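First to last, the protein sequences are chains A and B.
Heads up: the first sequence at position 113 corresponds to 113 in the numbering used here, and the numbers run straight through without jumps.
In the numbering used here, each residue's number is its place in the second sequence (first place is 1) plus 1000.
For glycine and all other residues, C-beta sits at the position ideal for the given N, C-alpha and C.
Keep in mind it's a predicted model, so treat the numbers as computed, not measured.
Here the structure is laid out as structure tokens; the discussion comes afterwards.
Protein chains: 2
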Amino acid sequence: MTISSTQLFVGIDGGGSKCKAIVVNQDNDILGAGISGPANPLHGFNQATHSIIDSTQLALKSACLDHISLSELTVGAGLAGVNLPSLFEQMTNWGHPFKHFFLAHDLFIANLGAHHCHHGAVIITGTGSCGFSSTDEGELLVGGHGFPQGDKASGAWFGLQACEQVLLSLDDLIPSSLMNKALLAKLSCDSATDIVATIAGENATFYAQLATIVFDAAEQGDQIAISIIKDGVDYLAALAKKLVTNASYEVKLSILGGLSLRLQPWLLAALSPTLQRQLVTPLSAPEFGAVLFAQGKLHG
Amino acid sequence: MTISSTQLFVGIDGGGSKCKAIVVNQDNDILGAGISGPANPLHGFNQATHSIIDSTQLALKSACLDHISLSELTVGAGLAGVNLPSLFEQMTNWGHPFKHFFLAHDLFIANLGAHHCHHGAVIITGTGSCGFSSTDEGELLVGGHGFPQGDKASGAWFGLQACEQVLLSLDDLIPSSLMNKALLAKLSCDSATDIVATIAGENATFYAQLATIVFDAAEQGDQIAISIIKDGVDYLAALAKKLVTNASYEVKLSILGGLSLRLQPWLLAALSPTLQRQLVTPLSAPEFGAVLFAQGKLHG
């Protein structure tokens, strides 16, 4: 069967660490997928646009559709960072190589993917963290203020907390933690001085890679790690409450992103019974939400 | 009177925000002073060496000693960051323009300046924070791990805490704070989104300029600001205790740096009666300690 390119849609989910793309046909079957580098334009416009093109080409290749030109594709993209008006404008003005390029922020397409409709709420905890809801009261975007000043309970935030606490512990100013040995090993370091030299000037993506150290230690009962997770989860519970309380009906809420599986048991314990009931497994991934978004834009 | 250049010493105190230099004669009279830009080599070797030369030339000029060549000066320099061995080595290998250039870390010369002897302890809270003590048990350097992972209770740390709490407050996830209006005004911003766009990617020096917002609000009774200061001061109290407890005698302790005056009343309340008694006003500034250091090196 020959696939006409007019039937092809690409969905992009671009975050601070990576960019995911899928190619789907008119029946919404996923034909291929690709992953490339960071695509949050806050950390570089050129990097973001490069990652979008790269992931799309990888998705075409995995679908054996290398012969399709980018100029034949209708692309929906949800990107972290474009909630900042200046970045939304910059990305909208991009001289993109596609037939159509529809842009939304990552939370909008994540919500659409999770609930297959515009009503619902999502919290994403990957490299960054952010909450979004769309209800009869309108849209609400909470958090997502970036690293290190915001994005509490994100991978980068957990990684930074781990570094802070380990440095305090190695200085003997707080008790010892299981994270001390784990962080030294992960960074191939021998001392606090060594850690500082290794992490100096590093970005959110780097810190996000250290988040698992906190969860590993907490799951073994480490009190310092547990305190970090409780602090993060209390924030997510407040975020969840804020996202859904204004609606006149029970809004479905999903937790997405690289940390969601490890956070889920801790978060459940921090949510009220009502919020626990509202928590649902997402129907599809954000990149599929980006396809639904592009289809909606194209078909009016 | 003609001053012979062989009698001239320069003392340098180089930190993350600025570099201070003084010129003194053989009687240790301060003849002139100069201030230039950042001199922590962690944030750039070229910037650090440029600031050292710049501040020295400004100090010579203010002493009407423009005719003196740099190659005739004996310089003692205390620099933040050179507790990292790689940076100490890089600065030691600098092809400097002086007759002599003696290098130590900023805490070593601050301690020497504060107590006019090698025995004593200092805590510096300026752009960064760090503790140092020199006792019969040896030297102890605690903290000073940089921004954002360390340097708790420093100007940069207070500024970052202010941003974090204001963003949470503007998101309506914590109560309102006096800091909200103050930060928006300071940054000429209208919203959380606006704040994020302004502070994205900023460094420790930028955040340190926001520290006064926390103290202003706390002194007016703002509970969120008071919590931040208490968290910082508890750290400094633990640091102070750690610095002096190993010695077999009562070690004198001084608090130095741009935030020391505003921190002093909060810190006193957090210290034990013994530590309160050990707290003394510094005899001289760190840059004078750098002169004493150079003289000691030169004479033996």
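Pick helix, strand or coil for residue i, following the three-state DSSP scheme.
| i | result |
| --- | --- |
| Ala1033/B | strand |
| Met1001/B | The predicted model places Met1001/B with a pLDDT of 46, which falls under 50 and marks its position as unreliable; any figure quoted below should be read in that light. Coil at Met1001/B, not helix or strand. |
| Cys1130/B | strand |
| Ile1012/B | strand |
| Thr1092/B | helix |
| Leu60/A | helix |
| Ser1177/B | coil |
| Val1280/B | coil |
| Val244/A | helix |
| Leu236/A | helix |
| Ile1022/B | strand |
| Ser1254/B | strand |
| Val166/A | helix |
| Ala1077/B | strand |
| Glu1072/B | helix |
| Glu139/A | strand |
| Phe293/A | helix |
| Gly1044/B | coil |
| Gln1149/B | coil |
| Gly144/A | coil |
| Ala270/A | helix |
| Leu160/A | helix |
| Leu1084/B | coil |
| Pro38/A | coil |
| Ser1017/B | coil |
Should residue i and residue j be called a contact, given that it needs their Cβ atoms to be closer than 7 Å?
| i | j | result |
| --- | --- | --- |
| Gly146/A | Thr127/A | no |
| Phe215/A | Arg262/A | yes |
| Glu139/A | Ala247/A | no |
| Leu42/A | Gly14/A | no |
| Leu1167/B | Ala238/A | no |
| Val122/A | Lys242/A | no |
| Ser36/A | Ser55/A | yes |
| Met1179/B | Ala1225/B | yes |
| Ala1153/B | Leu1210/B | no |
| Leu1170/B | Leu1073/B | no |
| Ile1109/B | Gly1289/B | yes |
| Ala182/A | Ile213/A | yes |
| Val1024/B | Val1291/B | yes |
| Ala218/A | Ile229/A | yes |
| Gly1336/B | Glu1287/B | The question about residue 1336/B has no answer here: the residues shown for chain B are numbered 1001 through 1300. |
| Val1233/B | Ala1270/B | yes |
| Thr1125/B | Ser1284/B | no |
| Ile53/A | Ala39/A | no |
| Phe45/A | Gln90/A | yes |
Determine the direct distance from the alpha carbon of residue j to that of residue i, and round the result to whole angstroms.
| i | j | result |
| --- | --- | --- |
| His1096/B | Ile1068/B | 16 Å |
| Leu1160/B | Asp1231/B | 13 Å |
| Glu1164/B | Asp1027/B | 49 Å |
| Ala1077/B | Phe1293/B | 8 Å |
| Thr1198/B | Asp29/A | 42 Å |
| Leu58/A | Ser1176/B | 47 Å |
| Phe102/A | Asn111/A | 16 Å |
| Asp1194/B | Gly150/A | 13 Å |
| Gln1264/B | Gln1276/B | 11 Å |
| Gly221/A | Ala1200/B | 35 Å |
| Asp1190/B | Val1196/B | 11 Å |
| Lys1099/B | Ser1129/B | 32 Å |
| Gln1223/B | Trp1266/B | 14 Å |
| Cys1117/B | Gly1300/B | 15 Å |
| Leu1107/B | Leu1065/B | 29 Å |
| Ala1204/B | Pro148/A | 11 Å |
| Leu1298/B | His1050/B | 24 Å |
| Tyr249/A | Gly1016/B | 53 Å |
| Ala1048/B | Ala185/A | 32 Å |
| Ser188/A | Ala114/A | 39 Å |
| His119/A | Ser133/A | 7 Å |
| Met1001/B | Gly1032/B | Only weak support exists for where Met1001/B lies, its pLDDT of 46 falling under 50; the value from the coordinates is given anyway. Rounded to the nearest angstrom, the two C-alpha atoms are 16 Å apart. |
| Tyr235/A | Pro273/A | 17 Å |
Give a single yes or no on whether residue i has its beta carbon closer than 6 Å to a heavy atom of the ligand ZN.
| i | result |
| --- | --- |
| Ala1237/B | Looking for the ligand ZN in the displayed structure turns up nothing, as the structure carries no ligands at all. |
- Query: At what residue ranges does the stretch 1098-1126 of chain B contain a whole run of the alpha helix (DSSP H), taking only runs of 4 or more?
  - Reply: 1106-1115
- Message: Would you call the stretch 252-262 of chain A in contact with the stretch 277-289 of chain A, where contact means no fewer than 3 C-beta pairs closer than 8 Å?
- Response: yes
- Task: Inspect the CB distances between the stretch 1085-1094 of chain B and the stretch 1020-1028 of chain B and report whether three or more fall short of 8 Å.
- Result: no
- Whole alpha helix (DSSP H) runs in the stretch 178-225 of chain A with 4 or more residues, listed along the chain? 178-186, 192-199, 204-208 and 211-219
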